[in-house]
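Colleague: Note that the UniProt record's numbering numbers the sequence shown so that position 21 is 21, with each residue one more than the last.
All C-beta atoms in this analysis are idealised placements derived from N, C-alpha and C, irrespective of residue type, glycine included.
Nothing here was measured: the structure is a model prediction, and the numbers come from that model.
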Amino acid sequence: LMNVFNPEALVIGGGVVEGLQRHWDKLQKTVIKRSLPGYGGTIPLTATRLGDDVSLLGAAQLAFRQARRL
Numbered sequence: 001l002m003n004v005f006n007p008e009a010l011v012i013g014g015g016v017v018e019g020l021q022r023h024w025d026k027l028q029k030t031v032i033k034r035s036l037p038g039y040g041g042t043i044p045l046t047a048t049r050l051g052d053d054v055s056l057l058g059a060a061q062l063a064f065r066q067a068r069r070l
């Protein structure tokens with residue numbers, strides 16, 4: 001998806017972050033290896049500061065956006 005959308009950053013959140021802490025360097029190297037030339041080395045990989053509630057907060061934001069359209 002990184003190669004398609006060209007994001008400014010890759011942000012990983014929720015419970016996934018806890019499981020990846022020991023493998024963070026390997027994950028970064030894999031992102032660089034599997035990305036198109038010019039993408040992987042320039043896009044930062046970071047963990048969200050919102051913790052385990054990141055999915056809930058994203059769903060709430062989406063619900064509020066939809067409610068404003070009504």
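Going by DSSP, name the residue or residues bridged to A47.
Modeller: The partner list for A47 (beta bridge, DSSP) reads I12.
Colleague: Since L62 is in the alpha helix (DSSP H), which residue starts that stretch and which ends it?
Modeller: That run of the alpha helix (DSSP H) goes V54 to R69.
Colleague: K26 to D52, Cα distance in whole Å?
Modeller: Each residue's alpha carbon lies about 22 Å from the other.
Colleague: Using the C-alpha atoms, what's the distance from K33 back to Q21?
Modeller: Spanning the two alpha carbons is a distance of roughly 19 Å.
Colleague: Can you tell me which of A47, E8 and V4 puts its alpha carbon nearest to the alpha carbon of H23?
Modeller: That would be A47, whose Cα lies nearest to the Cα of H23.
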